[in-house]
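Okay, here's the thing in structure tokens:
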């Protein structure tokens, strides 16, 4: 892992139908469906509200203050991909702006997830190219050191293999291993199917205490009601 | 304080008229009217801009990663209440989403203030249910450990007794002790009545230096003008 | 530097045309045009999205929890100025609200950059008075201790002399030394002129790898493509 | 609560024997004995390692950058007390140094817990006067605004009433309500009595899995062993 | 990855000689020898200064506020191991104290690396059991939810497979993949052999500018000397 | 300011006697003597306790992850200097270790103040070379981009001109402008001369309330004593 100076050209992307379907449920439902693993740290925030995407991870490992490999990864993007960029040390520099976004969009990328900074956020918002990042910063970067493309990376605390599914929205970013994409999509669909009925009951005033039959276990745990 | 496993059913809510009136002035004016105490830490941010509410505090003490008591507190909500949720240790997990919000709305809650994370923020925004939280996170929670409902809690650095008034808007969250609600509403009303005239003067170009008669005390403190 | 209790009345503002022109390019392009120096820390965020301004810096040095000098600096504002407020220690208090904003606007200020907190953000948004700050907080301030006006200050990690140009937008805040304003405006204009052609090429699918002729230096650095 | 400008002279201190006894067990054992409540945030750190104290809380509420009330609280100290200092907003200024420590020691204080900064830490270390603080900073403070002494305060997230017991060591700071001091000391003593036998078993190689009989509940929860 | 409720009993540990040898060079030299990858975030700090260890990683995945699996992992420890504990969300609770340390030591563990909190640090220091953690906290944990043992985990931003080598000292924590242990030990040995001669030259006043022949590339890059 | 690629060879160092004398008083007293300005942010911490130094600032501006200029600055060090290193963006990388320290010591440097990371802290501690830094990190750096030497820099929020006096100890780092060195040394000496008598009085039980004659102004401000 973490071999530097390597670009892997052929990666196995997760099942396309499942990959696309996962956007429908959003990061929180997918995260539950996976058993509450695979979530990036909550410091990863979208540059604008309302985007909800899923796609195949194309990964890139960067060095602090150096975005050379962002140009290398651009060539490996296929339509439907989401670029996931990790950095070898904490850095808030603005690695990505409207020019790179233009290039990524031309290649068919659906978005960028970067554990560093982003800039030109007004332009990116107008272009409708969503980015999840740890910072917004005008600080540009140099092009001096090799990283790698399409190796496994740790991005914002989550392990991402190339080809994994990334689901991102206002709640955060979740990574679904490629092998688990179909099962996770099924599980998420089931969760969501269940939620409609629950929502209706709760809206009608039924309490979760009753709907989930919590009163007895709460009493057994020792809950006491006083006046 | 901080007895675990207890739900207090009957609490004394602050004067209803004063409680409702306080939303009119907003958190900053109310905070001034109280003598600059009772403010939660500024890391508490609304999940969407523009909400401004006041209501009676219904409190809940939670454990890290465990939202069991959120279902218990739901039953204690009365129309006009705001739920204030504290956690026994720092935690960014998403304790609250659209299902709980549906239940809280059905009970008449005006909003939630939680010193932890929140999720489903797109849904909550569409539902118009405002939440002030320290984080947004897809990370779900378990239901294993008892906390308490309607005991005094420390939430984001502020002490909140059940029945106190909570005032929350884009500037933050302020807690008004129940016994001080009427006096605070009066003081806030007076502050606001004064502000109109001041605002007009300042808009006309009168300086605060003159309007507040600061020139003499500044000179006495030693202020020197140079070229 | 940092003499306390001093107000400098006559400052030399940077070339007006260049000052005004710089807003056109935005913080990120200006920062690049300057050679990547002069940027404030990325924790400085606008209170609402979409503002993009440039103007002449009028500086003020404050003490923690004390906004007395904000009234003193108001008198030194000329149309087209941006007030830059530094604090002698980290503080998140809300030094600035709608009344001061009314006064600043009446004097012709274009905005405020403050390494502390701001409040009344809903009102400021409605008034269209942009503020870049490190925090939003209802916490008010006292008026007890002298700072200074129009001395050089360090604000969010950037040195600002009175009369320097400040450029601020959604990407952050950049400071251009007065003597460099014209040259920076020229350099920024050239950068932007170049970007149109580049953007068109990238949008057409040309890769940065080819457009910037990176393939050879990458190979020389040892980049390897594998399957 | 939080009335400003008030000094309460007569407070009821917790049982002296229990207060003194609690230092023996340390913050972590006492926190467990209380049911895991009453802990200050872990950002509170001792200025030197190895101190372990307990004492009666004498409280003071300060304003950012203003230590006037530290001189007022000094007069209220009795032998065996620990001063607990809260601030109305986050502040890292150095409110406390060797002169105040000399005064506090002369009054019989055992230490200081302050949700702000401290300075002269080399002198304080040599004097053997322990301080738990959120920061170390040379930044001095002014004397301009009234706070209060011996009112309930929230310090680093914990509610402290004057007279409560404070237990502080390398693990952190715990607050025991005065009414719970004797019971907590008993519970802590029991915990510690139990720990000796457990420690011996564990040192002999017995696993917690067996000593606490966890194998069955783990299996019931679904734990699987694989090769 | 991240399957919950699983304990892998048989793991392949990296070459023992190389594993033991790596402690000699320390985290910084090993990190360089690996090509500057594999470093945990710098927020991971030792609870006392001066420890320098290497060992085989035994991994455990925990939930926030729940240390049940710490007892499960204890059974999997072999002499020479270092336990690496990851948590599914950020948490500062004190998962580990003197009792668990007694058990870990009895099993032959050399230390603990935990992306959460630790307590009883005075006892651990006296016992000489080193811990690298993100926090120190008296806050205890519950035993309610299954995690896993000996699965790959992301700890403080670094991917750790069971059997990898962990090197930890005052500079931080580095992870060496098992397959790279021997080569890394060789590379580190070479680095260190070179350093003696360099150190002697530098101590004698030779400049790095000359020793590393930097003057020409600096001049080519455009460095100018002025008076 | 902030011209890149420039090394200024001849700088005017502050008065040597005053520079050396300032270490005697320490950062906190010097900071007070200067009127409470010139302090670096409190996140700057010494790598070991107990060092107290003063010296002439030799400055260097670095880029994130790039320590090339550290070798350039080494040549400009004269006996009695302290190197002050600023970075153009936030970075925790370990720019400085035992080899550079050997070189700096050979040139007569008294210490390093760096707004980034440092490594080999065990070696540096043994060598007795004190460093104040924002982080400790094994992460090495590259040598690719020019910064500057002996230009004014902003380091941890403080403006530092080459030749200014730096005073650093356990309380933090203070910068005294060269022109103010003598006056500041005099003022600090006076402060310290006064402190002995005050300390004796306080140790004898005299209260600050009486020694500083605070009772009347406190009463005038409205302080009330209650029972």
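Protein chains in written order, with the numbering used here: chain A, 79 to 305; chain B, 79 to 305; chain C, 79 to 305; chain D, 79 to 305; chain E, 79 to 305; chain F, 79 to 305. The beta carbon of each residue, even a glycine, is placed where N, CA and C say it ideally should be.
Look at the alpha carbon of residue i and the alpha carbon of residue j, and state the distance between them as a whole number of angstroms.
i              : j              : result
residue 199(E) : residue 229(E) : 28 Å
residue 213(E) : residue 120(D) : 7 Å
residue 174(A) : residue 127(A) : 19 Å
residue 142(B) : residue 169(B) : 6 Å
residue 205(E) : residue 117(A) : 36 Å
residue 286(B) : residue 163(B) : 40 Å
residue 277(B) : residue 96(B)  : 25 Å
residue 181(C) : residue 224(C) : 20 Å
residue 234(D) : residue 209(E) : 25 Å
residue 115(E) : residue 238(A) : 16 Å
residue 124(D) : residue 247(D) : 7 Å
residue 295(E) : residue 269(E) : 23 Å
residue 152(B) : residue 283(A) : 10 Å
residue 179(C) : residue 106(B) : 15 Å
residue 275(F) : residue 203(D) : 21 Å
Apart from the five residues on each side of it in sequence, which residues of its chain come closer than 8 Å, Cβ to Cβ, to residue i?
i              : result
residue 79(C)  : Residue placement at residue 79(C) cannot be trusted, given a pLDDT of 46 that sits under 50; the coordinates are not used to answer.
residue 122(E) : 191, 193, 210, 211, 212, 234, 250 and 251
Check the DSSP bridge columns for residue i and list the partner residues they point to.
i              : result
residue 247(E) : 250(E)
residue 226(D) : 139(D)
residue 189(F) : 160(F)
residue 133(C) : 244(C)
residue 210(B) : 124(B) and 191(B)
residue 144(B) : 141(B) and 220(B)
residue 172(B) : 195(B)
residue 232(C) : 237(C)
Give me, in chain order, the residues of the same chain whose beta-carbon lies closer than 6 Å to that of residue i; leave out the 5 immediate sequence neighbours on both sides.
i              : result
residue 86(C)  : 228
residue 129(E) : 208
residue 137(F) : 162, 228, 231, 238 and 240
residue 139(F) : 164, 225, 226 and 231
residue 167(D) : 142
Within a Cβ cutoff of 7 Å, which residues of the same chain sit near residue i, ignoring the five residues on either side of it in sequence?
i              : result
residue 353(D) : This structure does not reach residue 353(D), given that chain D is present from 79 up to 305, and the question cannot be answered.
residue 201(F) : 176
residue 279(B) : 289
residue 216(D) : 172 and 197
residue 293(A) : 287
residue 150(A) : 85 and 227
residue 305(A) : none
Residue i and residue j look like a contact to me (Cβ under 8 Å); what is the Cβ gap, rounded to whole Å?
i             : j              : result
residue 84(E) : residue 226(E) : 5 Å
Using a Cβ-based criterion (distance less than 8 Å to any ligand heavy atom), does residue i qualify as near the ligand ADP?
i              : result
residue 102(B) : No copy of the ligand ADP appears in this structure; indeed no ligand is present at all.
**Study point:** Three or more C-beta pairs below 8 Å linking the stretch 132–146 of chain F and the stretch 243–256 of chain F
**Key:** yes
Check your understanding: Counting Cβ pairs, one atom from each stretch, are 3 or more of them under 8 Å apart for the stretch 138–153 of chain E and the stretch 213–225 of chain E?
Key -> yes
Check your understanding: Below 8 Å, can you find three or more Cβ-Cβ pairs linking the stretch 251–267 of chain B to the stretch 110–118 of chain B?
Key -> yes
Review point. Pairing CB atoms from the stretch 193–210 of chain A with CB atoms from the stretch 264–276 of chain A, are three or more of them under 8 Å?
Key: no
Review point. Taking one C-beta from the stretch 179–189 of chain D and one from the stretch 148–158 of chain C each time, how about it: are there three or more such pairs within less than 8 Å?
Key: no
**Study point:** Touching by the beta-carbon criterion (3+ pairs, under 8 Å), the stretch 98–109 of chain F and the stretch 289–299 of chain E
**Key:** Inter-segment contact for the stretch 98–109 of chain F and the stretch 289–299 of chain E is absent: fewer than three beta-carbon pairs are separated by less than 8 Å.
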